[in-house]
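Novice:
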Amino acid sequence: MIIVSYKEKNQDFWSIMGYYFANKQIRKELPYIIDENGKIWVIGFQNSKEIIGFLSYKILKETAMITNCYVNSHFRKKGYFKKLISYTLNNKLKDKTKIKLAVKHEYYDFFLKLGFCISYRKGNYIFMVKEK
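Residue numbers (this note's numbering): 58 to 189.
(1) How do the segment 124-141 and the segment 177-188 stand: do at least 3 beta-carbon pairs fall below 8 Å, yes or no?
(2) Is F173 helix, strand or coil by DSSP?
(3) Provide the residue span of the beta strand (DSSP E) that contains K153, from first to last.
(4) Do you know whose CA, among Q68, G95, I175 and V128, lies nearest R84's CA?
(5) What are the partner residues of G110, as DSSP defines its beta bridges?
(6) Can you tell me whether G75 is buried or exposed, with buried defined as 16 or more other CB within 10 angstroms of its CB?
(7) Does L45 come out as helix, strand or coil in the three-state DSSP assignment?
(8) Please name the residue or residues paired with S72 in a DSSP beta bridge.
(9) Please list, in chain order, all residues of the same chain as T200 whose beta carbon is under 6 Å from its beta carbon, the five residues on each side excluded.
(10) For I175, I'd like the list of residues in its chain whose CB is within less than 7 Å of its CB, leaving aside the five on either flank, ordered along the chain.
(11) Can you tell me the Cβ-Cβ gap for K115 and G95, rounded? I've got them flagged as a contact below 8 Å.
(12) Hey, out of Y165, E86 and D152, whose CA is closest to S130's CA?
Here it is, written out as structure tokens:
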């Protein structure tokens, strides 16, 4: 897997990610997918064109908020997301004292094993935090 980070949203970024922002089926899985100033996207590629998955994060002082975690259906349950999140935590966010994220109930155990704890629950989501 090749992992690339996009801080600046140039034409390359939009030609790669536009499909995910516009696809109705993907928006059912990621109803809150949005880009905004300061958001950094981490994208895993199978080859130069095929996306395995992605996530985004935004840094506010010493806290990072991870959002938009997604893996294409034919790459799921093969360990790719674990590589993507591990890369992000160990390389991009290693100096952050607090990392937050919101996950659906079915992903709770996965993030618990990565050292995240429950902060609170709201609707279909569990808000988790990892502090150093």
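C-beta: ideal position from N, C-alpha, C; glycine also.
Specialist: In brief:
(1) At 8 Å Cβ cutoff, the stretches do not touch.
(2) F173 falls in the coil class under three-state DSSP.
(3) Per DSSP, K153 belongs to no beta strand (DSSP E) and is neither H nor E.
(4) Closest by alpha carbon: V128.
(5) In the DSSP output, where bridge partners are listed per residue, G110 has G101 and V128.
(6) With fewer than 16 Cβ atoms within 10 Å of its Cβ, G75 is classed as exposed.
(7) Since the first and last residues shown for the chain are 58 and 189, residue 45 lies out of range.
(8) Bridge partners of S72: none, in fact.
(9) Any property of residue 200 remains undetermined from this structure, which presents the chain solely from 58 to 189.
(10) So the qualifying residues of the chain are I183 and M185.
(11) Correct: roughly 5 Å between the Cβ atoms.
(12) It is E86.
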